[in-house]
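So the protein sequences, as listed, match chains Z and F.
Just so it is clear: in the first sequence, position 314 is 314 by this note's numbering, and no numbers are missing.
Just add 427 to wherever you are in the second sequence, counting from 1, and you've got this note's numbering.
In this text, a Cβ means the ideal position worked out from N, Cα and C, and glycines have one as well.
Keep in mind that this is a model prediction, so the values were computed, not measured.
There are 2 protein chains.
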Amino acid sequence: MRQNLVVDATRISADIEALAAITEPDRPYTRRAFTPLFLDGRAYLEARFKSAGLETRIDASGNLIGRRPGKVPGLGVLMLGSHSDTVPEGGRFDGVAGVVAALEVARSLGDRGIALAHDLEIVDFLAEEVSIFGVSCIGSRGMAGLRPPEWLERRAGDLTLEEGLTLVGGEPHTSGARSDIRAFLELHIEQGPVLETARLDIGVVTAIAGITRIEIIVQGRADHAGTTPMTARQDALVAAAKLVLDIQRLGLELAATPGHFAATVGEFEIEPNAANVVPSRVRMLLDIRAEQREDLDHFQRQLNSAVDAVGRETGVMIAAPRVISDNPATPMDRHVIEALETGCQTTGATYRRMASGAGHDAAFMARICPAGMVFIPCAGGRSHTPVEWAETADIALGSAVLLEAVLTLDDQLASPTREIDDGTHTD
Amino acid sequence: MRQNLVVDATRISADIEALAAITEPDRPYTRRAFTPLFLDGRAYLEARFKSAGLETRIDASGNLIGRRPGKVPGLGVLMLGSHSDTVPEGGRFDGVAGVVAALEVARSLGDRGIALAHDLEIVDFLAEEVSIFGVSCIGSRGMAGLRPPEWLERRAGDLTLEEGLTLVGGEPHTSGARSDIRAFLELHIEQGPVLETARLDIGVVTAIAGITRIEIIVQGRADHAGTTPMTARQDALVAAAKLVLDIQRLGLELAATPGHFAATVGEFEIEPNAANVVPSRVRMLLDIRAEQREDLDHFQRQLNSAVDAVGRETGVMIAAPRVISDNPATPMDRHVIEALETGCQTTGATYRRMASGAGHDAAFMARICPAGMVFIPCAGGRSHTPVEWAETADIALGSAVLLEAVLTLDDQLASPTREIDDGTHTD
Numbered sequence: 001m002r003q004n005l006v007v008d009a010t011r012i013s014a015d016i017e018a019l020a021a022i023t024e025p026d027r028p029y030t031r032r033a034f035t036p037l038f039l040d041g042r043a044y045l046e047a048r049f050k051s052a053g054l055e056t057r058i059d060a061s062g063n064l065i066g067r068r069p070g071k072v073p074g075l076g077v078l079m080l081g082s083h084s085d086t087v088p089e090g091g092r093f094d095g096v097a098g099v100v101a102a103l104e105v106a107r108s109l110g111d112r113g114i115a116l117a118h119d120l121e122i123v124d125f126l127a128e129e130v131s132i133f134g135v136s137c138i139g140s141r142g143m144a145g146l147r148p149p150e151w152l153e154r155r156a157g158d159l160t161l162e163e164g165l166t167l168v169g170g171e172p173h174t175s176g177a178r179s180d181i182r183a184f185l186e187l188h189i190e191q192g193p194v195l196e197t198a199r200l201d202i203g204v205v206t207a208i209a210g211i212t213r214i215e216i217i218v219q220g221r222a223d224h225a226g227t228t229p230m231t232a233r234q235d236a237l238v239a240a241a242k243l244v245l246d247i248q249r250l251g252l253e254l255a256a257t258p259g260h261f262a263a264t265v266g267e268f269e270i271e272p273n274a275a276n277v278v279p280s281r282v283r284m285l286l287d288i289r290a291e292q293r294e295d296l297d298h299f300q301r302q303l304n305s306a307v308d309a310v311g312r313e314t315g316v317m318i319a320a321p322r323v324i325s326d327n328p329a330t331p332m333d334r335h336v337i338e339a340l341e342t343g344c345q346t347t348g349a350t351y352r353r354m355a356s357g358a359g360h361d362a363a364f365m366a367r368i369c370p371a372g373m374v375f376i377p378c379a380g381g382r383s384h385t386p387v388e389w390a391e392t393a394d395i396a397l398g399s400a401v402l403l404e405a406v407l408t409l410d411d412q413l414a415s416p417t418r419e420i421d422d423g424t425h426t427d
Numbered sequence: 428m429r430q431n432l433v434v435d436a437t438r439i440s441a442d443i444e445a446l447a448a449i450t451e452p453d454r455p456y457t458r459r460a461f462t463p464l465f466l467d468g469r470a471y472l473e474a475r476f477k478s479a480g481l482e483t484r485i486d487a488s489g490n491l492i493g494r495r496p497g498k499v500p501g502l503g504v505l506m507l508g509s510h511s512d513t514v515p516e517g518g519r520f521d522g523v524a525g526v527v528a529a530l531e532v533a534r535s536l537g538d539r540g541i542a543l544a545h546d547l548e549i550v551d552f553l554a555e556e557v558s559i560f561g562v563s564c565i566g567s568r569g570m571a572g573l574r575p576p577e578w579l580e581r582r583a584g585d586l587t588l589e590e591g592l593t594l595v596g597g598e599p600h601t602s603g604a605r606s607d608i609r610a611f612l613e614l615h616i617e618q619g620p621v622l623e624t625a626r627l628d629i630g631v632v633t634a635i636a637g638i639t640r641i642e643i644i645v646q647g648r649a650d651h652a653g654t655t656p657m658t659a660r661q662d663a664l665v666a667a668a669k670l671v672l673d674i675q676r677l678g679l680e681l682a683a684t685p686g687h688f689a690a691t692v693g694e695f696e697i698e699p700n701a702a703n704v705v706p707s708r709v710r711m712l713l714d715i716r717a718e719q720r721e722d723l724d725h726f727q728r729q730l731n732s733a734v735d736a737v738g739r740e741t742g743v744m745i746a747a748p749r750v751i752s753d754n755p756a757t758p759m760d761r762h763v764i765e766a767l768e769t770g771c772q773t774t775g776a777t778y779r780r781m782a783s784g785a786g787h788d789a790a791f792m793a794r795i796c797p798a799g800m801v802f803i804p805c806a807g808g809r810s811h812t813p814v815e816w817a818e819t820a821d822i823a824l825g826s827a828v829l830l831e832a833v834l835t836l837d838d839q840l841a842s843p844t845r846e847i848d849d850g851t852h853t854d
C-alpha cells in the first residue's frame with residue numbers, strides 16, 4: 001500500500017529543502033523566530049499555502065494559518081500543523097516536517113477534490129522553540145489563551161515581545177484564544193531512537209510527558225585534601241555520587257514499567273572545585289519526565305528515602321529535594337489516537353503507541369480541543385543539531401496517516417450520534 | 428613536667444599576637460609574601476631576633492635568618508624555622524607558630540646560657556604559600572638549590588620574581604644553596620584533626636606525603652533528557668559517579684593500611700550542564716597523597732581496572748587516567764625523628780608518629796640535610812581560614828620538644844663516633 005500513497009513525496013522534499021536553505025549561512029540550520037530569516041521562511045510558506053488554494057492569515061497570536069473551508073458551515077475546524085522556527089544550529093526537520101506534512105494533507109485533499117465537512121486549517125505556530133525572549137510555544141499558548149500577559153514585556157535586546165508579535169503580524173493586545181477547533185493533529189520527528197531501533201514507521205503519541213525539575217543541595221565541609229583523613233570528611237561529591245546512582249536505579253526501575261519515565265541529572269556543580277580541597281557543596285538539578293503522575297509520585301517518595309539514607313550514611317547535610325517546576329503530563333485524546341491508528345492500518349504503516357518525552361505545541365492545543373500527534377523516525381534519535389535527519393519517505397507516510405485520520409475525524413465529528421469527549425481530555 | 432617548661436609561653440603568645448596584628452585590616456589574616464605588610468612582619472621578626480641576641484641577615488634566596496654561633500667552629504648549622512607569609516584570609520598560626528617556636532628555642536638557650544657545639548640558625552623562609560607569582564616554597568627551594576632559574580621571570584602584575592627577591596633583600600643571581608646544615612627542624616600546626624581527635628600533644632612527622640594529580644575524562648553522549656530512553660544513553664555523569672565511589676572505596680582501603688593515604692576528587696565538571704540534556708562529558712581531577720610509593724602504585728593499578736570496568740558496564744568512553752603531576756613523598760630523617768621522640772618523652776608530651784598530608788619547607792630542606800617536623804594540634808583541624816586556632820600552651824610544649832631535640836642532635840652530631848645518615852635520607 002505504501003507505493004500508492006495519496007501524498008506527494010517530491011513536494012514534501014522540495015519544501016523541506018527550500019526551508020533548509022533559509023538559514024544563517026555560517027551556522028546551519030538557524031532560523032529563529034522573530035528574525036528576518038524567520039520572516040523569509042514564513043513568506044515561503046505563505047506562498048506555498050496560497051499555491052495550495054488556502055486562504056492565509058496571521059492570527060492575533062502570530063501564527064501563520066492557511067484555511068480550506070468545509071462544506072458544512074459552523075461545524076468548526078480540524079487543525080494540522082507544527083512550527084517553522086529552529087533552535088540555533090538546529091536541524092531541518094524539527095517542526096518543519098510537521099508544517100510541510102500538514103500542507104501536503106491540504107494539497108492532497110485539493111488534488112483529489114475531496115471536500116471535508118469541517119474547515120481545515122494548516123498552522124505554523126510562532127516560536128515553539130525557546131525564543132530570543134527566553135520562552136517557548138508562544139503561538140500555541142496564545143491560541144489556547146494561555147500566554148501570560150506579562151510576557152509582552154519580555155525583552156530581547158531593544159525588542160519587547162509586544163513589538164516582536166507586531167513585527168510578525170500578530171496583535172499583542174487581542175486575545176487569540178480559539179473555541180472553534182474540533183481536533184488538532186501534529187506530525188513531528190521523534191527526537192529519540194525508539195522508532196528507528198524498533199524499525200517502526202510511526203509512533204502514535206499517547207501523552208506528552210510531564211516535566212518536573214527537582215533541585216538537590218548537598219552540603220558537606222571543605223577540608224584540606226592532604227591533611228584530613230578520609231574517614232574524617234564530609235565529602236559532598238561522594239554523597240552526591242551516591243545519589244546520582246540512586247536516581248539512575250530508581251529511574252531505570254520506573255522506565256521498565258508501563259508509561260514513559262526518564263530521570264536525568266543534567267546540571268551538577270561542585271564547590272569549591274579546587275584540586276586540594278574536599279568538595280563542600282554540590283548542587284544538582286534533576287529532569288524527570290513522567291507520563292503517569294503515580295510514577296512521579298513514587299519516584300519522589302523513593303528519592304526522599306534515598307536522600308535520607310545517603311545523608312545518614314555519609315554524614316553530610318542534604319536538604320529535602322525541592323521541586324523547581326512541575327508541568328504535568330498531557331494525555332492525547334483517545335478518539336484522535338484511534339483515528340491515527342486507523343490511519344496507520346489504512347496506509348500499512350507499522351506503529352506503536354508511545355509517549356513524547358519532549359514538549360510540543362500539541363500540549364497547549366490539548367487544553368482547548370482533542371489533540372493527537374504522530375512521530376516519525378529520525379536518524380540516531382538526533383535532534384537540535386545540523387545532523388538531524390528524517391527520510392522523505394517517512395515524512396510522506398506520516399502525512400498519509402494524518403490525511404487518513406483527518407478523513408476519519410471529519411466523518412466522526414460531523415455525525416451527531418458519535419460521542420466525542422470534547423472537554424474532558426485535559427485532566 | 429609541663430609546668431616546668433624551659434620555654435616562655437608569654438613571649439610566644441606576644442609574638443603571635445603582634446604578627447596577627449600585621450594584616451590587611453579588612454581581610455584578616457593576610458600578609459602575603461612580597462607585600463609591604465610582609466616586610467612589616469619581617470621587620471618585627473628581625474627586631475625580635477636581634478633582641479634575642481641573634482645575628483640577622485637576609486640570605487640570597489630571600490630568607491630571614493637569625494644566627495647564634497656555636498662553640499665548635501666548622502661543625503655546621505642546626506636550623507629551625509618555618510614561614511611568616513600567609514595565604515589570603517589565612518590564619519595566625521600556619522607558619523608563624525613555627526618561626527616563633529624556633530625563636531623561642533634560641534631565646535631559651537640564651538636565657539639559660541647554654542652554648543651549643545653547632546651554630547644555631549632560626550629561619551623565616553620566603554613565600555612558603557603559593558605566592559603572588561603563582562609558586563610556593565621559594566625560599567626553601569632556593570636554600571636547597573632547587574629554585575628553577577626560569578622562575579625569576581615570573582610576573583605578578585608589573586613585578587618580576589627577580590625584582591621581588593631584590594625587594595625583600597635577596598640576591599636573585601647568587602646561589603643560595605647551602606651545604607653546611609647538619610639538621611633542620613620545623614614546628615607546624617597539623618592542619619588536620621588527627622591530634623585533636625586523639626587528644627595528643629605532638630605529631631612526630633615520618634614523611635611529607637607525595638602529591639599526585641590524576642585527570643580522568645569520561646566521554647559519553649549528549650542526548651535529549653526527555654526523548655532518549657534511559658536504557659539507550661551514554662550518561663557521562665552516571666559513569667563518573669561510579670568512578671567517584673570506586674575511588675572513595677580504594678582510598679579508604681589504603682587509608683586503613685599503614686602509611687598515610689588519601690584520595691580526593693577535588694575538581695569535577697560536567698558538560699553541557701544543561702537541565703534537559705544527558706551529560707556528555709565529565710572531567711575530574713584526583714588529588715592523591717601517599718606516604719608510600721607502593722600505595723600509590725597499587726591505587727593506580729586498581730583505578731585503571733575500575734575505569735575499564737565502568738567503561739564496559741556503562742558503554743561510555745573513559746580514557747586511561749592521566750598523571751598531571753607527581754611529587755613523590757619525602758621521608759623525614761630517622762635520627763631526627765628519634766631525637767624529636769626523645770624530646771617528647773623528656774617534656775612529657777604525648778605523641779604519635781604521623782605523615783604530613785600537606786607540603787612544607789621541610790620537604791625541600793630534606794633534600795640537603797637530615798630534616799624533621801613536629802605537628803601541634805589545631806582546633807577542628809581548620810587551617811587557611813581566619814578561624815585557624817592553636818593553643819599557646821601547645822605551641823610552647825612543641826617549642827620545648829624542639830629545644831630538647833636540638834640538645835640531643837647537638838650532642839650526637841658533635842660526636843665523631845655516632846653514625847648519622849647524612850646524605851642517604853632523600854631517596
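Evaluate H600(F) with the Cβ neighbour count: other Cβ atoms within 10 Å of its Cβ, from every protein chain shown; 16 or more gives buried, anything less gives exposed.
Reading the second sequence from its first residue, position 173 is the one you call residue 600(F). Exposed, by the Cβ-count rule.
I'd like to know whether the C-beta of A209(Z) is nearer than 8 Å to at least one C-beta of chain A.
Protein chains in the displayed structure are Z and F, and chain A is not among them.
Should H425(Z) be labelled buried (16 or more other beta-carbon atoms within 10 Å of its own) or exposed?
Against the first sequence, residue 425(Z) aligns to sequence position 425. Low confidence applies here, because H425(Z) scores a pLDDT of 41, under 50, leaving its location unreliable; read the following figure in that light. Buried, by the Cβ-count rule.
Residues in the region 634 to 664 of chain F with C-beta within 8 Å of chain Z's C-beta atoms, listed in sequence order?
Correct list: A636, I638, R640, D650, H651, A652, G653, T654, T655, P656, M657, T658, A659, D662 and L664.
Which residues in chain F sit within 9 Å of D361(Z), going by Cβ to Cβ distance?
What you label residue 361(Z) is simply residue 361 of the first sequence in a count that begins at 1. Those do not exist, as D361(Z) stays about 15 Å from chain F at its closest Cβ, beyond 9 Å.
So I22(Z) and T392(Z) are in contact, right, with Cβ under 8 Å, and what is the actual spacing, rounded?
Start at 1 with the first residue of the first sequence, and residue 22(Z) comes out as number 22. Start at 1 with the first residue of the first sequence, and residue 392(Z) comes out as number 392. Not really, about 18 Å apart at Cβ, beyond 8 Å.
Can you tell me which of V282(Z), L109(Z) and A225(Z) puts its alpha carbon nearest to the alpha carbon of V316(Z)?
If you number the first sequence from 1, residue 316(Z) lands on position 316. Among V282(Z), L109(Z) and A225(Z), the Cα nearest to that of V316(Z) is on V282(Z).
Rounded C-alpha distance that separates C771(F) from L627(F)
Counting from one through the second sequence, the residue named residue 771(F) turns up at place 344. Counting from one through the second sequence, the residue named residue 627(F) turns up at place 200. If you take the alpha carbons of C771(F) and L627(F), they lie about 11 Å apart.
Own chain, CB closer than 7 Å to V433(F), minus 5 neighbours either side, in chain order
Translated into the one-based positions of the second sequence, residue 433(F) becomes position 6. Result list for V433(F): S535, R539, A827 and L830, in chain order.
Give, in chain order, every unbroken run of the beta strand (DSSP E) that is at least 3 residues long and sits entirely within the region 173 to 229 of chain Z.
181 to 189, 202 to 208 and 210 to 219
Bridge partners for S509(F) per DSSP, in chain order?
Here residue 509(F) refers to the residue found at position 82 of the second sequence. D551(F), per the DSSP bridge assignment.
If we ignore side chains and look at the alpha-carbon of each, how far apart do A101(Z) and A746(F) end up?
Counting from one through the first sequence, the residue named residue 101(Z) turns up at place 101. Counting from one through the second sequence, the residue named residue 746(F) turns up at place 319. Cα to Cα, A101(Z) sits roughly 45 Å from A746(F).
Residue-chain proximity (D295(Z), chain F), Cβ-Cβ < 8 Å
Position 295 of the first sequence holds residue 295(Z). Answer no: the Cβ-Cβ gap between D295(Z) and chain F never drops below 8 Å.
Does the region 219 to 236 of chain Z touch the region 258 to 267 of chain Z, meaning 3 or more C-beta pairs lie closer than 8 Å?
Too few Cβ pairs lie closer than 8 Å, so no.
Completely contained alpha helix (DSSP H) runs for the region 255 to 340 of chain Z, where each covers 4 or more residues
293 to 314
Do we get a CB-CB distance below 8 Å when we pair I270(Z) with the residues of chain F?
As a position in the first sequence, residue 270(Z) is number 270, starting the count at 1. Cβ-Cβ to chain F under 8 Å: yes for I270(Z).
Contacts that G825(F) makes with chain Z (C-beta to C-beta distance below 9 Å)
Residue numbering aside, residue 825(F) sits at position 398 when the second sequence is read from its first letter. The premise fails here: G825(F) is roughly 17 Å from chain Z at the closest Cβ pair, so nothing lies under 9 Å.
Span separating the alpha-carbon of P580(F) from that of V750(F):
As a first step, residue 580(F) is located in the second sequence; it is residue number 153 there, counting from the start. As a first step, residue 750(F) is located in the second sequence; it is residue number 323 there, counting from the start. Before going further, note that residue 580(F) is Glu rather than Pro in the sequence given. Roughly 27 Å between the two C-alpha positions.
Give the list of continuous beta strand (DSSP E) stretches no shorter than 3 residues that lie fully inside the region 531 to 595 of chain F.
546 to 552
Spatial neighbours of N429(Z) within its chain, please: C-beta separation below 8 Å, excluding the five flanking residues on both sides.
As shown, chain Z starts at 1 and ends at 427. That puts residue 429(Z) outside it, with no answer to give.
Rounded separation between E638(F) and S752(F) - CA only:
The count along the second sequence starts at 1 and reaches residue 638(F) at position 211. The count along the second sequence starts at 1 and reaches residue 752(F) at position 325. It should be pointed out that residue 638(F) corresponds to Ile in this sequence rather than to Glu. Taken atom to atom, the span from the alpha-carbon of I638(F) to that of S752(F) is near 8 Å.
Looking only at its chain, what residues have a beta carbon closer than 7 Å to the beta carbon of S383(Z), apart from the 5 residues adjacent to it on each side?
Indexing the first sequence from 1 puts residue 383(Z) at position 383. Same-chain partners within the cutoff: G91, D94, I189 and Q191.
Proximity winner among I674(F), G808(F), P813(F) and G825(F), relative to V621(F) (alpha-carbon distances)
As a working note, residue 621(F) is residue 194 in the second sequence. Among I674(F), G808(F), P813(F) and G825(F), the Cα nearest to that of V621(F) belongs to G808(F).
What residue range is occupied by the uninterrupted beta strand (DSSP E) comprising S783(F)?
Start at 1 with the first residue of the second sequence, and residue 783(F) comes out as number 356. S783(F) -> beta strand (DSSP E) spans Y778 to S783.
Beta carbon of R640(F) nearer than 8 Å to that of S558(F)
Looking up residue 640(F) in the second sequence gives position 213. Looking up residue 558(F) in the second sequence gives position 131. No; because the gap between Cβ atoms is not below 8 Å, this pair is not in contact.
L55(Z) lies in the beta strand (DSSP E); which residues open and close that run?
By 1-based counting over the first sequence, the position of residue 55(Z) is 55. It should be noted that the sequence gives Glu, not Leu, for residue 55(Z). Run containing E55(Z): E55 to I58, per the beta strand (DSSP E) assignment.
Can you find a C-beta in chain Z that's less than 8 Å from the C-beta of T691(F)?
To locate residue 691(F), count along the second sequence from 1; it is residue 264. So yes, T691(F) belongs to the interface.
Would you call the region 603 to 617 of chain F and the region 669 to 682 of chain F touching, i.e. three or more CB-CB distances under 8 Å?
Judged by pairs of C-beta atoms under 8 Å, the region 603 to 617 of chain F does not touch the region 669 to 682 of chain F, as fewer than three such pairs exist.
Is DSSP giving R494(F) helix, strand or coil here?
For the purposes of this step, residue 494(F) is taken as residue 67 along the second sequence, with counting starting at 1. In the structure shown, R494(F) sits in a strand (DSSP, three-state: E or B).
Backbone secondary structure at V238(Z) - three-state DSSP
Taking the first sequence and counting its residues from 1, the one referred to as residue 238(Z) is at position 238. Helix at V238(Z).
Is there at least one Cβ from chain Z nearer than 8 Å to N700(F)'s Cβ?
Taking the second sequence and counting its residues from 1, the one referred to as residue 700(F) is at position 273. Residue-level contact check: N700(F) touches chain Z, since one or more beta carbons of chain Z fall below 8 Å from its beta carbon.
Which term fits R780(F), buried or exposed, when burial requires 16 or more other beta carbons within 10 angstroms of its beta carbon?
Walking along the second sequence from the start, residue 780(F) turns up at place 353. Exposed, because fewer than 16 other Cβ atoms sit within 10 Å of the Cβ of R780(F).
Go ahead and label E313(Z) buried or exposed: buried means 16 or more other beta carbons lie within 10 angstroms of its beta carbon, across all protein chains shown.
Residue mapping note: residue 313(Z) aligns to position 313 of the first sequence, counting from 1. E313(Z) comes out exposed.
Within-8 Å CB hit, A682(F) to chain Z:
The residue you call residue 682(F) lines up with position 255 of the second sequence. Taking Cβ atoms only, chain Z reaches closer than 8 Å to A682(F), which makes this a yes.
Cβ atoms of I208(Z) and F375(Z): under 8 Å apart, would you say?
Here the question's residue 375(Z) lines up with position 375 in the first sequence. Here the question's residue 208(Z) lines up with position 208 in the first sequence. No, they are not a contact pair.
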